[in-house]
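Have a look at the structure below before the remarks.
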Amino acid sequence: MEHSPVAARLVHASKRYGDHVAVDALDLTLHAGETLALLGPNGAGKTTAIRLLLGLARPTGGSAEIFGRDPRERRTRERVGAMLQVSNVPATLTVAEHLALFASYYPRPFPLRDVIELACLQSLTKRRFEALSGGERQRLFFALAICGNPDVLFLDEPSAGLDVETRETLWTGVRELVARGKSVLLTTHYLHEADALAHRIVLLSAGAVLAEGTPAELKALATDGNGAPATLERAYLSLMKAVA
Ligand SMILES: Nc1ncnc2c1ncn2[C@@H]1O[C@H](COP(=O)(O)OP(=O)(O)O)[C@@H](O)[C@H]1O
Ligand SMILES: [Mg+2]
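Here the sequence shown is numbered in my numbering, starting from 22 and rising by one per residue.
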C-alpha cells in the first residue's frame, strides 16, 4: 500500500470552530485500492475529516486533496461517493426513482441493476422512501453513495443501527467495490467491522492521530501478558486509556 497512488489525502489539515479545534494538523492518506477505517470516540473529528475530504468544509489550515486535486472541482466530485450520518431525500420518491435521479448526476454511473444487487434492494425498488424501515433506508443511502461508480467512497458510520444481515450485505458490497479497485474510507464504532474490512486503521483522538497500523499491528499492542486473546477492542481501550 505504501507505494500505491494516493486516492485522498489531508495534509496537515486543521478545522477550527471558534475556539474549538475539531481537526488538528491532521495528516491522513487513503491509498488507491485500500479500505481505511477511521476510529475514535464521539467528537474525535472523524466526520469533520470526511467533510474536509468531500469539500463540504474548508480547512482552516493545511489542505484536502482527492487524487491530488481540490475536492470541490466538479471532475473530482464525479469520482467520489459518500454516505453521511445525516442524509435526507424526498420522501415520496421510490427507491428506483432515487437511484435513477442520483445516477443521472454522474458521467459513468454503475448499471442500476448492479447497484440494486450490491445494496440488496431487489424487492424494494417500487417502495417509497417514506415507507422504508431504518435498515432499508441505510441500504438505499449506500446505493446512492455507490451509484455514480465512484473511485473513492466515504462511509460515515454506515452500519450504525443495522441488523446483522444488513451489515453483512454492506460488508459484501464494500468488499466487492474494493475488489473492483475502489478506495474506501469508513468510520465505525464496531471494532469487529474495522477488523473485518480494513487494510489499515487510523485511531483519532481530539482531532489528531493517536495510533495507526494494520488490524494485526494494533492488536499486537494489546498483549498484556495474561494470555487473553489480543482483540482490536482491547487495543483500542488501552490506547484510549493512555490519553485519558
Ligand atoms: N459545525 C460545527 N460547529 C461547531 N463545532 C463543530 C461543528 N462540527 C463539528 N464540531 C465539533 O467538532 C468536534 C468533532 O466533531 P466530529 O468530526 O463530528 O466528530 P466525530 O465524527 O468523530 O464524532 C466535536 O467536538 C464537534 O462538536
Ligand atoms: Mg461523526
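All residues carry an ideal CB built from backbone N, CA and C; glycine is no exception.
- Burial check for L258: the Cβ neighbour count within 10 Å stays below 16, so the residue is exposed.
- V136 and K36 have their C-alpha atoms roughly 34 Å apart.
- Going by beta carbons, D45 and A232 fall outside the 8 Å limit.
- The Cβ atoms of F163 and A140 lie closer than 8 Å to each other.
- Secondary structure in the segment 84-108: the beta strand (DSSP E) runs of 3 residues or longer, each lying completely within the stretch, are 101-104 in chain order.
- Around T56, the same chain offers V199, V205, L218, A219 and H220 as residues with beta carbons nearer than 6 Å, after the five sequence neighbours per side are excluded.
- The segment 156-175 and the segment 116-128 touch, with no fewer than 3 CB-CB distances between them shorter than 8 Å.
- The continuous alpha helix (DSSP H) containing H213 extends over residues L212 to L218.
- Note that the segment 112-120 does not touch the segment 79-99; fewer than 3 beta-carbon pairs, one per stretch, sit closer than 8 Å.
- For E189, the enclosing alpha helix (DSSP H) covers residues V185 to A200.
- Contact check for V32 against G83 passes: the beta carbons are separated by less than 8 Å.
- With a threshold of 16 other beta carbon atoms within 10 Å, S226 meets it and is buried.
- Counting other Cβ atoms within 10 Å of its Cβ, V264 stays below 16 and is therefore classed as exposed.
- Look at G83: its beta carbon is at least 7 Å from all of the heavy atoms in ligand 1.
- Near ligand 1, residues with a Cβ at less than 6 Å from any of the ligand's heavy atoms are Y38, H41, A43, G61, N63, G64, A65, G66, K67, T68 and T69; the list follows chain order.
- Between R72 and A78, the gap from beta carbon to beta carbon is short of 8 Å.
- Residue K67 holds the alpha-carbon nearest to the alpha-carbon of V42 among K67, G54 and A58.
- Note: L57 is bridge-paired with L206 and R221 in the DSSP secondary-structure output.
- For E178, the three-state secondary structure derived from DSSP is coil.
- Not a single heavy atom of ligand 2 lies less than 7 Å from the C-beta of T146.
- Excluding residues up to 5 positions away in sequence, S180 lie with their Cβ nearer than 6 Å to the Cβ of R188 in the same chain.
- Boundaries of the alpha helix (DSSP H) harbouring V116: V116 to A124, taken from the DSSP string.
- Under the three-state reduction of DSSP, D48 is assigned to strand.
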